[in-house]
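Residue 0 is where the sequence shown starts when you use this note's numbering, and the numbers rise one by one after that.
Ideal Cβ placement from N, Cα and C applies to all residues, glycine included.
For clarity, every value in this text was computed on a predicted model and none was experimentally measured.
As structure tokens, the structure follows; a few thoughts come after it.
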Amino acid sequence: QSEFKGKKAVLIDDVYTTGSTVLQCISLLEKLEMECWYLTFSRV
């Protein structure tokens with residue numbers, strides 16, 4: 000079992016263009032059986 004199983008992760012980024020970075024991160028964290036949230040902040 001993963002020591003991360005059931006843990007929660009929040010990914011925060013300042014740019015979301017294609018989404019490839021966040022999708023790769025979430026894919027990895029989900030393999031560790033973690034709950035993932037992703038936030039992007041921007042100001043225009």
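Counting only the same chain and skipping the five closest in sequence on each side, list residues whose C-beta sits under 6 Å from that of residue i.
i, result
"Thr39", "Asp12, Tyr15"
"Lys7", "Glu34"
"Val9", "Trp36"
Does the beta-carbon distance from residue i to residue j come in below 9 Å?
i, j, result
"Phe3", "Leu22", "no"
Excluding sequence positions up to five away, which residues of its chain have a Cβ less than 7 Å from the Cβ of residue i?
i, result
"Ile25", "Cys35, Tyr37"
Could you pull out every residue in the same chain whose Cβ sits closer than 8 Å to the Cβ of residue i, ignoring the five residues on either side in sequence?
i, result
"Gly5", "Glu32, Met33, Glu34"
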